[in-house]
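Participant: I am attaching a structure below and will ask some questions about it afterwards.
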Amino acid sequence: MKIEEHQNNNPSKPAQRKASDFKIRSNRLSEFAVQRDYDRCIKCEVCIKQCSFDVHYRDEEDDLIKHRPENCVGCHRCAVMCPTAAISITPNPAQYRAHGSWSGEHVKDINRQAETGGVVLTGSGNDKAAPVYWDRMLINASQVTNPSIDPLREPMELRTYIGAKPASVKVKDGKLASEMPPQIKIQMPILFSAISYGAISYNVQKAIAEAAEELGTLYNTGEGGLHPDFYKYKDNTIVQVASGRFGVHPDYLNAARMVEIKIGQGAKPGIGGHLAGEKVSESVSITRMIPMGTDAISPAPQHDIYSIEDLRMLIFALKEATNYRVPVSVKIAAVHNAAAIASGIVRAGADVVAIDGFRGGTGAAPKAIRDNVGLPIEFALAAVDQRLRDEGIRNQVTLISGGGIRCAADIVKAIALGADAVYIGTAALIAVGCTLCQKCYSGKCNWGIATQNPYLAKRVNSEIAKNRLVNLVQGWSHEIKEMLGGMGINSIESLKGSRSQLRGVGLTSEELDILGIRPAGM
Amino acid sequence: MWRIRAIPEVCIGCGLCRVWCKVEHSDSKNIHKAFKPNAPETISCVELEESGCESFAMQCRQCDEPLCAYGCITGAMTKDPDTGLVTVDKKKCVGCWTCILMCPNGVIKRDERNGRSAIKCDLCKDRGFPSCVEHCPNDALVIEESPMNPLAAHSAPLSGSSRGDENILFSEEVDDDE
Amino acid sequence: MNKFDYLIIGNSTAAVGAIEAIRAAGDNGSIGVVAHETEHTYSRPLITYFMAGKVAEENVYYRPGNFYERMGVECMFGRQMKSVDVEGRSVLLEDGERIGYGLLMIAAGGSPIAPPIPGMDRPGVFFMNTMDDARKAKGWLQHNKRAVVIGGGLTGLKTAEALANLGQEVIVVELAPRVLAAAMDEACSELVRQVLVSKGIEILTEVQVTRIDGCDDSNDVCFATLSTGEVISCDTVFMAIGVRPRIELVKDSGIEIGRGILVDRHMRTNIPNVYASGDIAEAFDPLFGGQRVLPILPNAYIGGRVAGMNMTGKEASYNVGMSVNSVNFFGFPFMSAGFATQEEGDGFKVFKKLDGTNYRKIVTRESKLVGMLISGDVERAGLMTGMMRAGVSVEGMEQDLLDGKLGLICLPKDVLEERIHSSGRNWQ
Chain A
1 MKIEEHQNNN
11 PSKPAQRKAS
21 DFKIRSNRLS
31 EFAVQRDYDR
41 CIKCEVCIKQ
51 CSFDVHYRDE
61 EDDLIKHRPE
71 NCVGCHRCAV
81 MCPTAAISIT
91 PNPAQYRAHG
101 SWSGEHVKDI
111 NRQAETGGVV
121 LTGSGNDKAA
131 PVYWDRMLIN
141 ASQVTNPSID
151 PLREPMELRT
161 YIGAKPASVK
171 VKDGKLASEM
181 PPQIKIQMPI
191 LFSAISYGAI
201 SYNVQKAIAE
211 AAEELGTLYN
221 TGEGGLHPDF
231 YKYKDNTIVQ
241 VASGRFGVHP
251 DYLNAARMVE
261 IKIGQGAKPG
271 IGGHLAGEKV
281 SESVSITRMI
291 PMGTDAISPA
301 PQHDIYSIED
311 LRMLIFALKE
321 ATNYRVPVSV
331 KIAAVHNAAA
341 IASGIVRAGA
351 DVVAIDGFRG
361 GTGAAPKAIR
371 DNVGLPIEFA
381 LAAVDQRLRD
391 EGIRNQVTLI
401 SGGGIRCAAD
411 IVKAIALGAD
421 AVYIGTAALI
431 AVGCTLCQKC
441 YSGKCNWGIA
451 TQNPYLAKRV
461 NSEIAKNRLV
471 NLVQGWSHEI
481 KEMLGGMGIN
491 SIESLKGSRS
501 QLRGVGLTSE
511 ELDILGIRPA
521 GM
Chain B
523 MWRIRAIPEV
533 CIGCGLCRVW
543 CKVEHSDSKN
553 IHKAFKPNAP
563 ETISCVELEE
573 SGCESFAMQC
583 RQCDEPLCAY
593 GCITGAMTKD
603 PDTGLVTVDK
613 KKCVGCWTCI
623 LMCPNGVIKR
633 DERNGRSAIK
643 CDLCKDRGFP
653 SCVEHCPNDA
663 LVIEESPMNP
673 LAAHSAPLSG
683 SSRGDENILF
693 SEEVDDDE
Chain C
701 MNKFDYLIIG
711 NSTAAVGAIE
721 AIRAAGDNGS
731 IGVVAHETEH
741 TYSRPLITYF
751 MAGKVAEENV
761 YYRPGNFYER
771 MGVECMFGRQ
781 MKSVDVEGRS
791 VLLEDGERIG
801 YGLLMIAAGG
811 SPIAPPIPGM
821 DRPGVFFMNT
831 MDDARKAKGW
841 LQHNKRAVVI
851 GGGLTGLKTA
861 EALANLGQEV
871 IVVELAPRVL
881 AAAMDEACSE
891 LVRQVLVSKG
901 IEILTEVQVT
911 RIDGCDDSND
921 VCFATLSTGE
931 VISCDTVFMA
941 IGVRPRIELV
951 KDSGIEIGRG
961 ILVDRHMRTN
971 IPNVYASGDI
981 AEAFDPLFGG
991 QRVLPILPNA
1001 YIGGRVAGMN
1011 MTGKEASYNV
1021 GMSVNSVNFF
1031 GFPFMSAGFA
1041 TQEEGDGFKV
1051 FKKLDGTNYR
1061 KIVTRESKLV
1071 GMLISGDVER
1081 AGLMTGMMRA
1091 GVSVEGMEQD
1101 LLDGKLGLIC
1111 LPKDVLEERI
1121 HSSGRNWQ
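Right, here's the structure in full:
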């Protein structure tokens, strides 16, 4: 297997290992159990070749395929690829003694840290059982008094415009006479959120860009710069300007339909990013404009922004750089005082505010941050929308909400809560194959998504991936139309901020107040 | 005519093409039975080529100028003038392996399970669609449909060919084999 | 005078190649085939299999029974060509008939070499060149049991194998120090010898048969006297010393001859409307870098096809006609190609690996593969002939070639692309 070879391409990290690396000091139980039905196993070795974590191996002496469950990350690649469905990956039945306070996860993390002395790293989104408020909100439907609409028979509008809207417009001879701020027309209120090339492979970003092009929506480069090959998708590209400023130059800014300043990310509010040198391949290094094999470190803050005034300077610097041709977005993580911050951002001149909830995904984050910092997007969104309305500035900005949008109903609820559109990231990656094993940071993604290893990255055929993404978004669009029709609404615009279409179940009165919705039954 | 083409850029080297080829060319055509410990040896007509991160699957390209058929000492290997498929007549083949020596892609195998005969990709003609292509998880094998090159028709129709006395007519310019 | 657009002398592989090419090119011109044999086209290498009863008679035929009708060919079998008049564009047959042609292809093959051994004409002495020879021998062997095969070349050894399969006692007599001396090197010859000896075949080398005698009461073969003076009793003798092109057919016709009929890369002779191919032709060998007689079946077919194409006006070149041989003895395979017997020196580099009965040898010249010899594990041997035809550099890959590890993926990118994408038309 050639994986090792390609992971040691970092000149700053010699391949030589210390003797202590060979000592096994782990007290941890395996997280997963690998079960192989030997009656079904045909010893074809597909599982061996497909696992980058070295779980499966052939025992020559016994002429059997065997496994090392301690290496298993639970990505299920082997189980899916096995032609005879001989493998099942299950949680290890051997668990630590049950304890109401000290969960197995705590014990495992403590052991891991006692071994390494480091921060526990993870990938993907928050997997804690914090309440998902989407599931506690229910959507209304028309009965008798206002007829529902059949979207298959009647026109139904999902078209959305991204950009600031003026407080009033002048109309002359039936035509718009006022000059409008830059607007982007997208075919549905769904955008692909920021995932950088570097965090994900070339093929995945290409698939996402092509899907955005085919769907008539936008995708976001993340902070990884824009690969030269992807300039052809510029009409569907949002470029990000993040704290590391990777890949930012005039052509990059001007290639985009929108520029986004990334202040924070829902999965890891308040901290920066770190792309390990192993993932900085030649192509990534060119795209990011950094030396090959060096760690790409995004600082926690934008070092030129310490106030709303500083932010305003950057927003207008970018507007100047792009000749006021494109909207400028500011993305923040959903944090406790998101509403006041959003208000400041709007006043600083942003055309778009993107709010990322604490269930948003990530390529790598300290587990402590991912699971404990931030807010559920539902509250942040409702609070921001309300605050901007109260201040009379809601029209000056497009609100995009992201971080944990899992299905069409989540989108309908987000829009009813006040969003103009949503960002989807994790859902898109799942459509491409991600099984949420949370090992994005390892660079060994068996599904070929979060890796720069050419052997693994080939596993995503961008053509197949693009089709799956297009199918997903089209499927969701159909569902959104069905739900709109059910409410008797024929345009997504009419749902925006229409919280009366939602009712809460099992929520406290404070929660209902913040969400601005009534309890079910009222 | 059909040809199977590999797309190395997306071949993940999993080897499922080989597995399913073996199944299709087994007696039972059942994956469990074909790989049972005591089952007769199974033969894959697909070669999985791997080097470092690169890989692709190679099977017979059903050449327009099939050197295997030209070298065949018995007349068992022929290119069907109607389908373009290069096939081996197991009853005629004596297993001299000249075809193996002639095939520049190395995709003809020895089948010594039941007498000696060459075995090669037959595009799963009994099945209707090549199993390797159908089972490739990443579309790294595709069917390439191309018009039959009339000059390529190796005019050795065995019984069963519908082509009668009238010769293959063509108007298009065809490259020579230089 | 009967006249054909295409007149073909011979009805073996090269003739079939030409006929199929002419018809594939969509040419409906009349085709006549003159052959001295009376058989429908058959596979010459299969006659020993037929004699041994391993291949049924109907499977010896190279093409289906209705082949000539289907191809619209008029057959004149059992008739010998006597001479050709290139000026008058006609061929004279032994029986006196004159046949005109538009284009002529001579594919009359070779005739077996008959050494001047006293007793050659005795009943029980056979050649092994035609179906007729095999049929006659097959009948004879039914009531005989001890055979001497003169010649340890390919035909001789395949004859010996057939005889052993029939339960005969077999003695092979070879003039050279080892069997298959022309096709293989010493190590590989030795492997062949071991296979044959293990099946009870006796092999005598550096010795000749000097006379063949009958018994007192019969004219039939009874003894063979060797050059050593030894006399061995036997009841059958096979002559398998070799074949020479039947160039006597075109003597004094104006058609240029060397060891065979000289042809250019289009398989055309010095006379513009006369072509030749198969065992009678002396054609271009790209590895050898010159012309030579290479009497092997693949080249006969390809040569015939190239001739057929050119005769119909579709330009085609004969560029892939190198020496290739795949043979097995009692199921144990041997393959050779190009300069298989070459040893180190003269600009050649030779790499060998012997592992039990698995032998591999490769020969390179200017870092290109120009020869190979394999026994036993012959899987994917065609990759190497493919590399030889493509002329790719194999520098640094020699050990992998010996280990049988090399695949198409090791080919240079452009060649590999061609292999993956092309429709398989250009094999140079």
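Residue numbers (this note's numbering), protein chains in the order written: chain A, 1 to 522; chain B, 523 to 700; chain C, 701 to 1128. Here a beta-carbon is modelled for each residue, glycine too, at the ideal position from N, C-alpha and C. Because the structure is a prediction, the values reported are computed rather than measured.
To the nearest angstrom, report how far apart Ile719 of chain C and Asn1019 of chain C are at their CA atoms.
Facilitator: Approximately 20 Å between the Cα atoms of the pair.
Participant: Which partner residues of Met137 of chain A appear in the DSSP bridge assignment?
Facilitator: BP columns for Met137 of chain A point to A:Gly504.
Participant: For Cys702 of chain B and chain C, any beta-carbon pair shorter than 7 Å?
Facilitator: Nothing about residue 702 of chain B can be reported from this structure: the residues present for chain B run from 523 to 700 only.
Participant: Opposite Cys594 of chain B in the DSSP bridges: which residues?
Facilitator: Cys594 of chain B is not bridged to any residue.
Participant: Of the choices C:Ala981, C:Phe988 and C:Gly753, whose alpha-carbon is the least far from that of Ile996 of chain C?
Facilitator: Selected option, being the one with the closest Cα: C:Ala981.
Participant: Using the C-alpha atoms, what's the distance from Leu1102 of chain C back to Lys1053 of chain C?
Facilitator: So the alpha carbons of these two residues sit roughly 6 Å apart.
Participant: Quick one: is Gly686 of chain B buried, meaning 16 or more other Cβ sit within 10 Å of its Cβ, or exposed?
Facilitator: The predicted position of Gly686 of chain B is uncertain, since its pLDDT is 32 and thus under 50; a value taken from the coordinates is nonetheless stated next. That one is exposed.
Participant: Does any CB atom of chain B fall closer than 7 Å to the CB of Arg526 of chain A?
Facilitator: Coverage of chain A is limited to positions 1 through 522, which leaves residue 526 of chain A absent and any answer about it impossible.
Participant: Val610 of chain B CB to nearest chain D CB: under 7 Å?
Facilitator: Given the protein chain composition of this structure (A, B and C), no chain D is represented.
Participant: Terminal residues of the continuous alpha helix (DSSP H) containing Ile286 of chain A?
Facilitator: That run of the alpha helix (DSSP H) goes Glu282 to Arg288.
Participant: Compare the beta carbon distance of Gly443 of chain A and Gly404 of chain A with 7 Å and say whether it is the shorter of the two.
Facilitator: No. Outside cutoff.
Participant: Please list the segments of the beta strand (DSSP E) lying wholly inside the stretch 1052-1103 of chain C, counting only runs of 3 or more residues, in order along the chain.
Facilitator: With a minimum length of 3 residues, the continuous beta strand (DSSP E) runs that stay inside the stretch 1052-1103 of chain C are 1058-1065 and 1068-1075.
Participant: Give the secondary structure of Pro1112 of chain C by DSSP, where H, G and I count as helix, E and B as strand, and everything else as coil.
Facilitator: In this structure, Pro1112 of chain C counts as coil in the three-state DSSP scheme.
Participant: So, under 8 Å CB-CB, Pro823 of chain C and Ile912 of chain C are touching, yes? Tell me the CB distance rounded to an integer number of Å.
Facilitator: Contact flag wrong, Cβ pair sits at about 11 Å.
Participant: Just to confirm the assignment, what range does the alpha helix (DSSP H) spanning Thr855 of chain C have?
Facilitator: Unbroken alpha helix (DSSP H) run through Thr855 of chain C: Leu854 to Asn865.
Participant: Less than 7 Å between C-beta atoms, sequence neighbours within five positions excluded: which residues of the same chain meet that for Asp304 of chain A?
Facilitator: Hits under 7 Å: Asp310 and Leu314.
Participant: Going by DSSP in three states, Ile731 of chain C sits in which element: helix, strand or coil?
Facilitator: Strand at Ile731 of chain C.
Participant: Buried or exposed: His56 of chain A, going by 16 or more other Cβ atoms within 10 Å of its Cβ?
Facilitator: By the 10 Å Cβ count, His56 of chain A comes out buried.
Participant: If we cut at 7 Å on Cβ distances, does Cys575 of chain B have a partner in chain A?
Facilitator: Chain A, which has a Cβ nearer than 7 Å to the Cβ of Cys575 of chain B, makes this yes.
Participant: For a test of the three-state rule: what should DSSP assign to Ala338 of chain A, helix, strand or coil?
Facilitator: In the structure shown, Ala338 of chain A sits in a helix (DSSP, three-state: H, G or I).
Participant: May I ask you to list the residues that DSSP assigns as paired with Ser573 of chain B?
Facilitator: Ser573 of chain B pairs with B:Glu576.
Participant: Using a threshold of 6 Å, is the CB atom of Glu869 of chain C nearer than that to any non-hydrogen atom of the ligand ZN?
Facilitator: Only the bare structure without any ligand can be found here, which leaves the ligand ZN out of the picture.
Participant: Listed from N- to C-terminal order along the chain, which residues in the stretch 545-575 of chain B have their beta-carbon within a distance smaller than 8 Å of any beta-carbon of chain C?
Facilitator: Of all residues in the stretch 545-575 of chain B, Glu569, Glu571, Glu572 and Ser573 have a Cβ within less than 8 Å of some Cβ in chain C.
Participant: So if DSSP puts Gly273 of chain A in a beta bridge, which residue, or which two residues, is it bridged to?
Facilitator: Partner(s): A:Ser298.
Participant: Are the beta-carbon atoms of Leu793 of chain C and Ser783 of chain C separated by less than 7 Å?
Facilitator: Contact flag unset, no.
Participant: Alpha carbon to alpha carbon, what distance is there between His966 of chain C and Val931 of chain C?
Facilitator: Their Cα atoms are separated by approximately 51 Å.
Participant: Starting from the N-terminal side, write out each stretch of the alpha helix (DSSP H) that is 4 residues or longer and does not extend beyond the stretch 616-665 of chain B.
Facilitator: Here the runs fully enclosed are 620-624 and 653-657.
Participant: Would you list the one or two residues that DSSP bridges to Phe777 of chain C?
Facilitator: DSSP lists C:Ala735 as partners of Phe777 of chain C.
Participant: Below 7 Å CB to CB, which residues in the same chain sit around Arg468 of chain A once its five sequence neighbours on both sides are set aside?
Facilitator: Closer than 7 Å at the Cβ level, and outside the excluded window around Arg468 of chain A, lie Ala431 and Val432.
Participant: How would you list, in chain order, the residues of chain A whose beta-carbon sits under 7 Å from the beta-carbon of Pro659 of chain B?
Facilitator: Near Pro659 of chain B (Cβ distances below 7 Å), the residues of chain A are Met81.
Participant: I'd like to know whether the C-beta of Val541 of chain B is nearer than 7 Å to at least one C-beta of chain A.
Facilitator: Yes, Val541 of chain B counts as interfacial toward chain A.
Participant: Going residue by residue through the stretch 975-1041 of chain C, where are the continuous alpha helix (DSSP H) segments of at least 4 residues, counting only ones entirely within it?
Facilitator: As far as the stretch 975-1041 of chain C is concerned, its whole alpha helix (DSSP H) runs of at least 4 residues are 997-1011.
Participant: What residues are listed by DSSP as bridge partners for Ser566 of chain B?
Facilitator: Paired residues: none, contrary to the question.
Participant: Need the endpoints of the alpha helix (DSSP H) that Lys838 of chain C sits in, please.
Facilitator: Its alpha helix (DSSP H) spans residues Met831 to Leu841.
Participant: Among C:Val1115, C:Ala876, C:Gly1107 and C:Asp1114, which residue has its Cα nearest to the Cα of Glu572 of chain B?
Facilitator: Among C:Val1115, C:Ala876, C:Gly1107 and C:Asp1114, the Cα nearest to that of Glu572 of chain B is on C:Gly1107.
Participant: Could you tell me which chain B residues have their CB closer than 8 Å to the CB of Arg40 of chain A, listed as they occur along the chain?
Facilitator: Within chain B, the residues near Arg40 of chain A are His554.
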